[in-house]
Structures are given as structure tokens and as C-alpha cells.
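Only one structure is covered here, and it is reproduced in the block below.
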Amino acid sequence: MTQPSRIRNRRTATTLAAVVLVSLLSLTGCVNTVRDVAIGMRDGGRPSPEITPAPKRTGNRPSPTPPPVSPPPAGSTPAPTFDPSDFDATLSAGTVADGAPASLSGSGSAIVNFELDPALMVVVDLDCSACTGEVVVSAPTRKNPLGTSQAPLTASYLNAVLDDDSPSQGITVKATGSWNLKITTSGDYPTVSGTQSGSGPRVLNFSDSASHIAVDYTPLDGADSLFLRVFPLSGHTKIFGNDDALVETLDADVPGIVAVSTNGSWTLTPTP
259 MTQPSRIRNR RTATTLAAVV LVSLLSLTGC VNTVRDVAIG MRDGGRPSPE
309 ITPAPKRTGN RPSPTPPPVS PPPAGSTPAP TFDPSDFDAT LSAGTVADGA
359 PASLSGSGSA IVNFELDPAL MVVVDLDCSA CTGEVVVSAP TRKNPLGTSQ
409 APLTASYLNA VLDDDSPSQG ITVKATGSWN LKITTSGDYP TVSGTQSGSG
459 PRVLNFSDSA SHIAVDYTPL DGADSLFLRV FPLSGHTKIF GNDDALVETL
509 DADVPGIVAV STNGSWTLTP TP
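Structure (C-alpha cells):
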């Protein structure tokens, strides 16, 4: 699969490069759905670029039909094996449902298991402000982590859960120090409106009605990058990526969920 579209900042004029549009499908078995996005996140964040029609939606979450999953190409590196022995503890957060988030506390490295009423995405809020060193947040089903940052850290992450997955789900945390974790279904996540600024990984549930999002991004360092996933109520899911500092207006609509993956600083503003 191809890389997410890269948006390059130009000195003479700000220009938007190709945008990867991952439309949610009608219930006909087309393959490019939010499930593909979820699988892409597990496989290194590379969604399929093909465009398909948007389906009818239920509530504020898409309901995809599972697509076939192609085998890895010959000679490719196999996915790392999840090993529970790599973690100091296994914790249970109970059941997560609309109107019923789950919260718990832990320290060091841990697997956090939870039961999930059918929902496509969950938001993980992590308060690791008492931690030191590197913090890695992931899930047992992922090849690449949701985020890797330096403590102290307060962040949020979007983890796609597929409607045909097992109700038993998990989040993993590797950190030095104590932390607090909250898991909320995406449809129940608190909304924000207007300009939002911050640094590091964040999930924003915009209530604004707008057809574009203005982005001002500054990388933490030369190795940092920006990765945006936009899940609007319209169903027009979009994914953007950029390696450099960026001041750009993106063709992406809200209301809906916007997941910011970076260690740099950013400002997002819904615009007409």
C-alpha cells in the first residue's frame, strides 16, 4: 500500500500535495473502508488510496463491511509477535461502552485489557505526567505503536477497533513511573470547537461545521513528523502526512474526530 499523502510547505506559496481519500464503502463488499484505515495503522499507517462511495451511517460512527486481507508480499518482514512477558503487569479496565468509559491507574509497563460494546474506535487518554524517559502506547494487534514520546506526557490516542473483532481488546503502556488511563468510545468523546493548539499526540472531536481545517505545525526535531486522521460525520475519511514544518489549509470536513499523531506543536482551526 502507498504512503499517506505528504503535504509540503513551499517558500513562495503554500501548496497542498495529493490527499489520500479513504471513503467508507456501501455495503457491497468494496475494500476501502475505515477497516482498511485500521489495518493500515497496524501495518505502519499506509491506507489504500482507492476511492469508493460513502455508505449510509449509523449515529456518529461508520459501519464497514470487512474486506479481504491480502497476504504479505514475498520477502516482507513478518509482523512482530506480541509477547505478554514483555510487560510487568496485566490489568483489567472492565467494559467500555457508550456512556460508560473505563479508567484505571498503573505503573511501569502493563497490558490493559477491556471488553468493548460494538464501536469502531476508542480514544485512550493517558496521564503520564509523573513518568520519566520514553513512553510507548500501543495495542496487542498493532505492528507499530500508537505513539512514542518522552515523559512527562499527557496525551490522547485513537485506536480503531473493527466491528468483527473480538469484544476482548487491549492497550499496552511501556513507561517508567505511575500513570492514569481512560478509555472512551469515539462516539462518546467530549467535543471541542474553534481553534485548538497543543503539542504531542491528541484526539479532537470537533463540533464545528466546516469544510476545511487550517494547520500550523512545527516538528519537535528533524526526526519528527505529522500524521492526521480525520473521521468526519460525512463519512469522507481522510489521512494526511508531512515531514516538515507546515502552514496549510486542508480539504477535510468536520464535525468529527481528528487524531493528531506527532511529538511537535500544532494548531488546528476549522474553516469554511
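For reference, each letter of the sequence shown is one residue, going 259 to 530 in the working numbering.
Where a beta carbon is used, it is the ideal one built from N, C-alpha and C, also for glycine.
Can the beta-carbon of residue i be found closer than 7 Å to that of residue j?
i                 : j              : result
threonine 476     : glycine 522    : yes
aspartate 474     : threonine 525  : yes
alanine 388       : glycine 435    : yes
leucine 384       : alanine 368    : no
phenylalanine 340 : proline 410    : no
serine 396        : proline 403    : yes
lysine 432        : valine 370     : no
alanine 418       : methionine 379 : yes
alanine 546       : alanine 360    : An answer regarding residue 546 cannot be provided, because it is not within the stretch 259 to 530 covered by the chain.
tryptophan 437    : glycine 364    : yes
leucine 504       : valine 461     : no
glycine 445       : aspartate 356  : yes
Which whole-angstrom value is the C-beta distance of residue i and residue j, which I expect to be below 8 Å?
i              : j                 : result
valine 381     : threonine 430     : So it is not a contact: roughly 16 Å between Cβ atoms.
isoleucine 515 : phenylalanine 485 : The Cβ separation is near 14 Å, so there is no contact.
serine 465     : threonine 449     : 4 Å
serine 483     : aspartate 501     : 5 Å
threonine 453  : threonine 527     : 4 Å
Have a look at the DSSP bridge pairing and note the partners of residue i.
i            : result
arginine 487 : Ile497 and Ala517
alanine 397  : Answer by DSSP bridge pairing: none, since alanine 397 is not bridged.
alanine 347  : Ala368
glycine 445  : Answer is none; glycine 445 lacks a bridge partner.
proline 528  : Ile471
leucine 411  : Cys386
serine 523   : Ser457 and Thr476
leucine 504  : Tyr475
Looking at chain C, is there any beta carbon in it that lies within less than 7 Å of the beta carbon of residue i?
i           : result
leucine 349 : Absent here is chain C; the protein component of the structure consists of one chain.
message: For the pair the stretch 493–501 and the stretch 438–452, tell me if three or more CB-CB distances fall below 8 Å.
response: Result no; under three Cβ-Cβ pairs closer than 8 Å.
Counting pairs of Cβ atoms below 8 Å between the stretch 466–473 and the stretch 507–519, do you hit three or more? yes
Just list the beta strand (DSSP E) runs in the stretch 447–479, keeping only unbroken ones of 3 residues or longer that don't cross its boundaries, in chain order. If we require 3 residues or more, the beta strand (DSSP E) runs fully inside the stretch 447–479 come out as 454–457, 460–468 and 470–476.
Notebook entry, point to check: Where are the beta strand (DSSP E) runs, 3 residues long or more, that stay fully inside the stretch 353–393, in chain order?
Noted result: 360–365, 368–374 and 379–386
**Report entry** Complete runs of the beta strand (DSSP E) confined to the stretch 416–441 [at least 3 residues]
**Finding:** You should have 426–434.
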